[in-house]
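Heads up, the thing below is written out as structure tokens.
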Amino acid sequence: RAPAPQPRDDNDDDDAAVAGPDPWSRDARESGSGRSPIDDPEVLLDDARSFLKDLEGADRVAFWGAALVVLSCFMPWKETAADGDFLGLISLGFISFLFAIGAMVFIGIRVRNLMAWVNPMLPWGAQMVCTVVCLVWSLVFLKISSDTTLVPSPLGNSEMMNSSPSIGCFLGVLGAVVALLGGLMGLRRTQE
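Quick note on this note's numbering: the sequence shown kicks off at 682 and runs consecutively.
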């Protein structure tokens, strides 16, 4: 057996104070240094909150439409008789996921003015290209995932379609349409 630890004296606390401040306490950080997301995760959350507050009407619609596409990729996009459901991230819906993330990034670049040396229409055009490709690919996936050949159902005495699109694919189309409408609303506002 290991020996019991020695009891602590009141003098041990004084030794800890002499050794230096607690590196994990926020008070120990230098007051002159700027806060960064690495030092303090609250800075990252504050940046996200301020970004969402900076979004105006059309940008907000486009951003949340693209976010709906991203969310839909975590749902089933395709149901097959043999294998069951396929999530959007596992199937070809991943392409829509990538372009929706791209649209969100270009919205962030434009709203935060991260590329001030570039014409603002360039990120807007890239956003529109991403949303159009996302919409077109979601519609293509809707078409290619539909196989109306009737096959015996694995459960019961009935027949079912060999392959059919699921709720995630329809939400992806809806989100891409909303993101495209938000982008078009923003383009219209810019020209006025």
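Backbone N, C-alpha and C fix where the C-beta goes; we use that ideal spot for every residue, glycine too. From a predicted model like this one, the values you see are computed outputs, not experimental measurements.
Look at the alpha carbon of residue i and the alpha carbon of residue j, and state the distance between them as a whole number of angstroms.
{"i": "Ala860", "j": "Ala762", "result": "32 Å"}
{"i": "Ile788", "j": "Leu868", "result": "13 Å"}
{"i": "Ala743", "j": "Pro757", "result": "23 Å"}
{"i": "Trp745", "j": "Arg689", "result": "57 Å"}
{"i": "Ala781", "j": "Pro835", "result": "35 Å"}
{"i": "Leu773", "j": "Ala683", "result": "59 Å"}
{"i": "Ile776", "j": "Leu770", "result": "8 Å"}
{"i": "Val813", "j": "Ile848", "result": "20 Å"}
{"i": "Val751", "j": "Gly853", "result": "8 Å"}
{"i": "Asp735", "j": "Ile825", "result": "39 Å"}
{"i": "Val786", "j": "Lys759", "result": "27 Å"}
{"i": "Val724", "j": "Asp764", "result": "44 Å"}
{"i": "Glu737", "j": "Asp766", "result": "37 Å"}
{"i": "Arg730", "j": "Ala685", "result": "51 Å"}
{"i": "Pro801", "j": "Leu726", "result": "26 Å"}
{"i": "Val817", "j": "Ala747", "result": "14 Å"}
Starting from the Cα of residue i, find the closest Cα among the options and give me that residue.
{"i": "Phe732", "options": "Leu770, Val750, Arg791", "result": "Arg791"}
{"i": "Leu820", "options": "Ala729, Phe851, Met809, Gly806", "result": "Phe851"}
{"i": "Gly783", "options": "Gln808, Glu760, Pro801, Leu803", "result": "Gln808"}
{"i": "Val858", "options": "Leu725, Cys815, Pro846", "result": "Cys815"}
{"i": "Gly863", "options": "Ala739, Pro722, Ala729, Leu779", "result": "Ala739"}
Do residue i and residue j have their C-beta atoms closer together than 8 Å?
{"i": "Gly856", "j": "Leu768", "result": "no"}
{"i": "Ser664", "j": "Ser827", "result": "What is shown of the chain runs 682 to 873, which leaves residue 664 out entirely."}
{"i": "Leu865", "j": "Pro846", "result": "no"}
{"i": "Phe778", "j": "Cys811", "result": "no"}
### Message
Would you call the region 788-803 in contact with the region 827-839, where contact means no fewer than 3 C-beta pairs closer than 8 Å?
### Response
For the pair of segments examined, the region 788-803 was found not to touch the region 827-839: the number of CB pairs separated by less than 8 Å stays below three.
### Complete alpha helix (DSSP H) runs within the region 753-800 (minimum length 4 residues, chain order)
Within the region 753-800, the complete alpha helix (DSSP H) runs of at least 4 residues are 775-793.
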